[in-house]
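Chemist:
Numbering (the UniProt record's numbering), first residue to last: 1 to 547.
Below, the structure written as structure tokens:
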């Protein structure tokens with residue numbers, strides 16, 4: 001397996017002799033990576049597109065966070081706040097509707113083109129008009145393709161103005177603008193690569209806003225620039241010497257697609273990679289005992305869950321939804337495949353977020369589950385499928401759940417696939433059961449509440465593709481409660497509203513939330529400045545250096 005991976009690396013077209021040497025087949029054991037290059041073993045098979053207006057996967061978020069800039073970015077010293085990125089300052093109008101951002105002077109894209117407020121406005125326009133998965137983060141403020149050029153506009157070269165439809169809490173608006181969909185693209189460069197489109201009932205614009213090109217291209221201004229993405233092989237970043245802030249310490253970063261924990265550990269021990277990112281408990285323990293290696297970790301605002309598609313009539317029965325919550329061996333998972341990388345957590349808001357409910361009421365109870373299945377008219381169980389990304393911990397979790405479901409007569413067929421395959425099927429609502437992870441899009445309770453407890457239009461043509469929508473869960477009352485919580489200005493009252501929503505999701509939803517992720521990494525001790533952030537788009541590699 002390892003030799004197959006080394007051979008495959010040699011096909012990746014990369015610049016530089018040091019890079020080529022690193023990726024040649026048959027690299028000797030004990031080799032070290034180049035002094036100016038960070039190499040990470042990472043499961044990146046979920047990447048579908050590099051366009052920040054389209055990308056909505058966790059791996060892509062990390063790449064985007066390091067290659068694109070935003071108006072504002074999460075303040076890692078205090079995650080209840082944001083700090084200026086491209087924006088030097090901002091003000092909010094007295095009526096709470098208009099946000100005016102002043103850009104820092106002398107900003108440039110990696111291309112050398114100047115960054116202006118017109119680039120910011122174009123970035124918002126293209127994200128909204130493309131209307132891909134993350135567009136709702138901007139669209140929820142009453143922004144549409146028809147009004148975006150008036151609601152998100154350049155007042156002059158250095159002033160960008162954003163007008164929302166309601167007087168939301170400013171922290172909510174600013175947190176949303178720290179999401180990767182609000183990344184600022186080089187308008188001049190993107191417009192050189194637009195493709196003509198024939199307008200239709202589903203898409204009324206005459207061009208693709210450079211989407212086809214940006215799926216693999218790059219038009220940003222971050223500390224690194226995207227050199228290349230080869231699906232299921234590697235992502236290569238190079239230092240952006242036009243970056244406005246402190247320049248990256250290393251010349252390049254390579255993310256090698258490696259899904260197996262043992263392969264990552266062996267490559268780390270051999271010196272073929274500098275960082276291993278998807279370690280299982282046994283491999284994590286082995287690395288911790290190695291004098292040449294060390295480990296690091298950070299709690300993530302990410303929860304793992306299984307979801308039941310309500311288009312399946314068996315899964316749509318309330319008693320069946322409840323039975324599934326008693327057919328997960330949470331304790332066994334917590335002490336085995338999740339040990340050190342996850343904490344049992346059954347509510348949709350991760351710990352540390354306003355309104356988080358710290359309650360885990362469900363335990364494995366096969367007798368209770370059988371009783372519920374009998375009430376649903378299926379005392380002998382039924383057959384069903386689960387789509388599973390072929391990596392850990394998802395595979396191990398699925399196998400454990402398959403075994404406990406079987407104790408109640410439910411025959412589960414596991415359908416493995418890479419991240420792109422399983423996500424595409426899930427987003428099309430063509431699954432029975434899906435197991436996956438959901439990370440916050442921004443640091444506000446609405447991020448998770450909106451996706452787990454809101455579904456404004458349950459039709460296949462619905463535009464708000466929340467997790468509730470993906471699982472065909474029609475919940476008009478909960479949707480209204482989610483909207484009301486968003487507008488509550490009093491923090492205490494707002495927290496109580498989210499706790500109430502979490503209790504209802506626990507009791508009635510098609511979601512079985514299992515644990516909150518603790519992201520861990522193994523690394524070589526010569527690395528300096530490597531740290532994991534609270535979200536995937538805050539795993540910054542700019543400060544990393546080597547001794």
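All C-beta atoms in this analysis are idealised placements derived from N, C-alpha and C, irrespective of residue type, glycine included.
Candidates 262, 418 and 361: which alpha carbon is nearest residue 41's?
Modeler: 262
Chemist: Excluding the five sequence neighbours on either side, which residues of its own chain have a C-beta within less than 6 angstroms of the C-beta of residue 550, listed in chain order?
Modeler: Lying outside 1 to 547, the shown extent of the chain, residue 550 is not represented and no answer is given.
Chemist: Go ahead and pull the three-state DSSP assignment for residue 65.
Modeler: Helix.
Chemist: For the stretch 389–400 against the stretch 364–378, are there 3 or more C-beta pairs whose distance is under 8 angstroms?
Modeler: Result no; under three Cβ-Cβ pairs closer than 8 angstroms.
Chemist: Quick one: grab the DSSP three-state call for residue 200.
Modeler: Looking at residue 200 - three-state DSSP - the assignment turns out to be coil, as it is neither helix nor strand.
Chemist: Three Cβ pairs or more, each shorter than 8 angstroms: is that satisfied between the stretch 527–535 and the stretch 383–394?
Modeler: no
Chemist: Using the Cα positions of residue 421 and residue 213, report the straight-line distance between them to the nearest angstrom.
Modeler: 21 angstroms
Chemist: Assign residue 321 to buried or exposed, taking buried as 16 or more other Cβ atoms, counted over all protein chains shown, within 10 Å of its Cβ.
Modeler: buried
Chemist: I'd like the list of long-range same chain contacts for residue 372, defined as Cβ closer than 8 angstroms, with 5 residues on each side in sequence excluded.
Modeler: The residues are 319, 320, 322, 323 and 326.
Chemist: Please go through the same chain and pick out, in chain order, the residues whose beta-carbon is closer than 6 angstroms to the beta-carbon of residue 69, but skip the five residues on each side of it.
Modeler: 85, 86, 184, 221 and 222
Chemist: Would you check if there are 3 or more beta carbon pairs closer than 8 angstroms linking the stretch 171–179 to the stretch 432–451?
Modeler: yes
Chemist: Alpha carbon to alpha carbon, how far is residue 276 from residue 25? Give it in angstroms, no decimals.
Modeler: Because residue 25 sits at a pLDDT of 34, beneath the cut-off of 50, its placement in the model cannot be relied upon, and the following sentence gives the value as read from the coordinates. Looking at the two C-alpha atoms, the distance is approximately 20 angstroms.
Chemist: Of all the options 307, 279 and 304, which has the alpha carbon lying nearest to the alpha carbon of residue 296?
Modeler: 279
Chemist: So, using beta-carbon positions, are residue 43 and residue 391 closer together than 8 angstroms?
Modeler: yes
Chemist: Is it the case that the stretch 402–410 contacts the stretch 450–458, given that we only count it when at least three CB pairs across the two stretches are under 8 angstroms?
Modeler: no
Chemist: Determine the direct distance from the alpha carbon of residue 330 to that of residue 265, and round the result to whole angstroms.
Modeler: 27 angstroms
Chemist: With residue 242 and residue 112 assumed to form a contact (beta carbons below 8 angstroms), what rounded beta-carbon distance in angstroms separates them?
Modeler: 6 angstroms
Chemist: Suppose contacts are defined by Cβ-Cβ distances below 8 angstroms. Is residue 126 in contact with residue 56 by that definition?
Modeler: no
Chemist: CA-CA distance, residue 22 and residue 290?
Modeler: Caution applies to residue 22, whose pLDDT of 48 falls short of 50 and renders its modelled position unreliable; the model cannot decide the point.
Chemist: For the alpha helix (DSSP H) containing residue 439, name the first residue and the last one.
Modeler: Premise fails: residue 439 lies in the beta strand (DSSP E), 433–439, not in any alpha helix (DSSP H).
Chemist: Roughly how many angstroms lie between the CA atoms of residue 465 and residue 269, to the nearest whole one?
Modeler: 42 angstroms
Chemist: By the DSSP assignment, the alpha helix (DSSP H) with residue 504 in it spans what residues?
Modeler: 491–508
Chemist: Would you list the one or two residues that DSSP bridges to residue 420?
Modeler: Note: residue 420 sits in no beta bridge, so no partner.
Chemist: Compute the distance between the beta-carbons of residue 293 and residue 38, then report whether it is under 8 angstroms.
Modeler: no
Chemist: What first and last residue would you give for the alpha helix (DSSP H) that runs through residue 156?
Modeler: Run containing residue 156: none in the alpha helix (DSSP H); it sits in the beta strand (DSSP E), 152–156.
Chemist: Going by DSSP in three states, residue 207 sits in which element: helix, strand or coil?
Modeler: strand
Chemist: Could you check whether the stretch 471–481 touches the stretch 329–344, counting it as contact only if at least three pairs of C-beta atoms, one from each stretch, sit closer than 8 angstroms?
Modeler: no
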